[in-house]
Every structure is written in structure tokens, then in C-alpha cells.
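In what follows, a structure is listed as C-alpha cells, so that the remarks can point back to it.
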């Protein structure tokens, strides 16, 4: 069950209770009708179920900056997509309270044939702003994104860095209650990354709830007040970021040393 509410305030801004996220993984897809019938009569299943999250529970309070770390495929981005409402959990209860701005995939929410300026309006509407509110914030968005004349070009012509600039500028200018940030910041140049980190720090000072998924452990230690270490769909550690980073390195060494 997934609930997103802006009414009565529960104890936490975000809560997960025994959340399972299951995906169906296709083993092989038959290319012809004959192969499909052959699989049917051989009674062979062409898929298997994979639990990306295995009954995890945690909560995030107002004003917390939570870093989610772990190896590739551990379930980090799945957690973020559930928070954003992209995935509905297979089992368990998720509660998210307040307006959410999510930077979880390059180009998400953009229409490729519209210009950057037109996509500002589109994204603002998707995030719950009126057209007048979007227009009042357009100059600040343009100034932060630093796209120059490209703002009036179709976004299908944008590089990954340009996508990130525009997406981050819009998501943070709408002043959300919850900001979700995936590895998207890794595609920007160093000066713009610093600009983004400064804005995240400003959000932190203003008491916003921020969830960051990153392999940049230095940034997690610097920005976050708490860290979740995820491994094989389970929470392996929940606590201080510095200790979380140590546990992450220990976990990586254990995985590498494990026999095949």
C-alpha cells in the first residue's frame, strides 16, 4: 500500500513498514509462435520472481537528510522510486506526507519535442504549481540552470548535463517538502555540482527532508545526518553517516572475498 497525504500529520514525513518490491524477470522470450508452444508443452517457466526489497522498515522525520548507500543492484533506487510513487510496493505500507520533487532519472518528466522553457511549465504543473506561480519563478530557474540560448531548443537535443541542470533547477525552485536525488548529480561538471550541493545544503538548513542516493561517500558524510546501508534488498545499517561509510567498505570487502 502506498499513501501520499498532505492532511493530518503522522509521526514521520516518510515511513516504510515491511515493504517488499518484487519484479518478474524474464529468462528468455520466444521469438516465434512455435517456440512459445514448445515452452508451453515442456512446462518450462520463462520467468522468475526477484525481490529487490525484502520486507524493509524505516522512517524519515521532518528535516532529516538521509543518505542511502550500497552496491549497484542493492535496492537503493527502488526505494527512491517507491517514495516518488513510480513503483507501488508488492507488499507492506508506505506513507509519504507532503509535496515531493524527485530527480531520479535524466529526462524524467520532460517532453523531448518541447523546448526547455516549455518543459519548465510542464514540470511545474506536474509538481502542483499554477501557471502564474511557474511564470513568477521562471527567471530564477533560468539563472540557476545556465542553459543560455539552449533554453529555447527542444530538450531532445540536450546533453545529459543539460538535462540535469534544468531538472535540478525546476525541482528545487518549486520548494518541495521532500527532495529525492539519485546519482543524477554525477553527470554535471564540477562547478555545477558544487552549486547543486550548496542548494541542497540550503534546503537542509531550512528543515526540508532530503533523500540522497549516491556512491559519492564524501558527499554523504558531509551532507547527511543519517545513512542507510542497503544490501541484497535488506537494511544492513541505519545510523551515523561516518559509520555507515565504514560499514559499506566492510560489506564490499566481504562480498568480494566471498567464494563463488
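Residue numbers (our numbering): 2 to 261.
Glycine is no exception: its CB is placed at the ideal position from the N, C-alpha and C atoms.
**Request:** Go ahead and pull the three-state DSSP assignment for residue 159.
**Result:** Taking the first residue of the chain shown as position 1, residue 159 is located at position 158. Here residue 159 sits in coil by DSSP.
**Asked** residue 132: which of 180, 144 and 122 sits nearest, CA to CA?
**Response** Mapped onto the chain shown, residue 132 falls at position 131. When only C-alpha atoms are compared, the closest one is 122.
**Message:** Using a 10 Å radius around the Cβ and a threshold of 16 neighbouring Cβ atoms, would you call residue 75 buried or exposed?
**Reply:** On the chain shown, residue 75 is found 74 positions in, with the first residue counted as 1. Buried is the call here.
**Item:** residue 201 versus 54, 172 and 218, residue with shortest Cα-Cα distance
**Value:** Residue mapping note: residue 201 aligns to position 200 of the chain shown, counting from 1. Of the listed residues, the one whose Cα sits closest to residue 201 is 172.
**Item:** Proximity to residue 255 [Cα-Cα], best of 14, 18 and 232
**Value:** As a position in the chain shown, residue 255 is number 254, starting the count at 1. For residue 255, the nearest C-alpha among the options comes from 232.
**Asked** Taking all protein chains shown into account, do 16 or more other C-beta atoms lie within 10 angstroms of the C-beta of residue 10, making it buried, or fewer, making it exposed?
**Response** Counting from 1 along the chain shown, the entry for residue 10 is found at position 9. Confidence is the limiting factor: at residue 10 the pLDDT is only 48, short of 50, which leaves the residue's position unreliable and the question unanswerable from this model.
**Prompt:** Three-state secondary structure (DSSP) at residue 181?
**Reply:** If you number the chain shown from 1, residue 181 lands on position 180. Residue state, collapsed to three classes: strand.
**Request:** Would you kindly check if the distance between the Cβ of residue 84 and the Cβ of residue 66 is under 9 Å?
**Result:** Within the chain shown, numbered from 1, the residue matching residue 66 stands at position 65. Within the chain shown, numbered from 1, the residue matching residue 84 stands at position 83. Not closer than 9 Å, so no.
**Asked** Taking C-alpha atoms, which residue in 14, 27, 26 and 52 lies nearest to residue 20?
**Response** On the chain shown, residue 20 is found 19 positions in, with the first residue counted as 1. For the residues 14, 27, 26 and 52, the minimum Cα distance to residue 20 belongs to 52.
**Message:** Nearest by alpha-carbon distance to residue 97: which of 180, 241 and 248 is it?
**Reply:** Indexing the chain shown from 1 puts residue 97 at position 96. The shortest C-alpha separation from residue 97 is found at 180.
**Asked** Based on the DSSP output, what are the partners of residue 235 in its beta bridges?
**Response** Mapped onto the chain shown, residue 235 falls at position 234. 232, per the DSSP bridge assignment.
**Request:** Determine the closest residue to residue 235 out of 54, 15, 24 and 26, with distance taken between C-alpha atoms.
**Result:** Residue mapping note: residue 235 aligns to position 234 of the chain shown, counting from 1. Residue 235 has its Cα closest to that of 54, out of 54, 15, 24 and 26.
**Asked** So what's residue 147 in DSSP terms, helix, strand or just coil?
**Response** Residue numbering aside, residue 147 sits at position 146 when the chain shown is read from its first letter. The answer is coil: DSSP assigns residue 147 none of H, G, I, E or B.
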